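Enquirer:
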Amino acid sequence: MLVLLLITDARVGKNADRKISKVLRVRMLHKKRVSQSVAYLGVYAFNNCTSLSEINIPESITEIEWGIFNGCTKLTNVIIPESVKSFGDWAFGNCMKLKDVYMHGLTPPEIGYNLFDYYYEIGLAIHVPSGALETYKNANRWSSYANYIVGDLLP
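For what it's worth, the working numbering labels the leading residue of the sequence shown as 783, then goes sequentially.
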C-alpha cells in the first residue's frame with residue numbers, strides 16, 4: 783500500500799510525524815510530498831518515521847534542521863533543492879538505507895556534524911550538478927564525503 787501525505791501547514795514542528803500519523807491514522811507511510819507553502823521544517827520533524835522511504839524537499843525550505851530525518855531507517859532517496867543553504871547536525875543520522883541524495887544547488891550548503899551516518903556501509907551516492915563536483919568535494923565538511931559525491935545532475 784502506498785500512502786502519499788501532502789503536508790500543507792506553514793510550519794511543521796518537532797516530532798510532527800507522530801502527530802500527523804495520529805490525526806490521519808496512517809498505517810503505512812512511504813513517501814512524503816511537502817507542499818511549496820511550507821516554509822519551515824522543525825527539529826526532529828520526521829524523527830523515527832520508520833516507514834518513510836522518499837522525500838522531496840520543496841523550494842520554500844532554506845534550512846534543514848538537526849535530526850530532522852534521524853532514525854528514518856527505510857529512507858532511501860532524498861531530493862534537496864537549490865534553496866537549501868544549510869543542514870543541521872545528524873539531519874540524516876541513522877538512515878541506514880539511504881542510497882541516493884540529489885543536491886540541486888551549485889553551491890554546497892553548510893553542513894553540521896555527521897550529516898550522513900552509515901554512508902560508508904550502504905554505498906551512499908550524493909548526486910550534484912556536473913559543474914559543481916569539485917566544489918562539493920572540496921567544501922568544508924563535504925570533503926569527508928568526497929568519495930561518495932558524483933557529478934551526474936544536468937543543469
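Idealized CB from N, CA, C, for every residue including glycine. Since the model is a prediction, treat every value here as computed from it, not as a measurement.
(1) Which stretch, first to last residue, makes up the alpha helix (DSSP H) that contains L915?
(2) Apart from the five residues just before and just after I893, which ones in its own chain have a Cβ nearer than 6 angstroms to its Cβ?
(3) Check this for me: beta carbons of E841 and A827, under 9 angstroms apart or not?
(4) Can you give the beta carbon distance from I904 to K919, rounded, assuming they're within the 8 angstroms contact cut?
(5) Is DSSP giving I904 helix, strand or coil here?
(6) Whose C-beta lies closer than 8 angstroms to the C-beta of A921 among residues of the same chain, with five residues either side of it excluded?
(7) Out of curiosity, what's the CA-to-CA distance linking A792 and G887?
(8) Using a Cβ-based criterion (distance less than 8 angstroms to any ligand heavy atom), does G905 qualify as near the ligand NAD?
(9) Tell me which residues share the same chain as N852 and place their Cβ nearer than 6 angstroms to its Cβ, disregarding the 5 neighbours each side in the sequence.
(10) Starting from I829, trace the beta strand (DSSP E) both ways and give me its first and last residue.
Expert: In short, the structure shows the following:
(1) 915-920
(2) F869, R923
(3) Contact flag unset, no.
(4) The pair is not a contact, with the Cβ atoms about 19 angstroms apart (cut-off 8 angstroms).
(5) I904 falls in the helix class under three-state DSSP.
(6) Annotation for A921: P890 place their beta carbon closer than 8 angstroms to its own, counting only its chain and skipping 5 residues before and after.
(7) Residue placement at A792 is flagged as unreliable, the pLDDT there being 37, under the threshold of 50; a coordinate-derived value is accordingly withheld.
(8) With respect to the ligand NAD, the structure shown offers nothing to examine, as it has no ligands at all.
(9) N829, W872, G875, N876
(10) For clarity, residue 829 is Asn in the given sequence; the question names Ile instead. Taken as a continuous stretch (DSSP letters only), N829 belongs to no beta strand (DSSP E), as it is neither H nor E.
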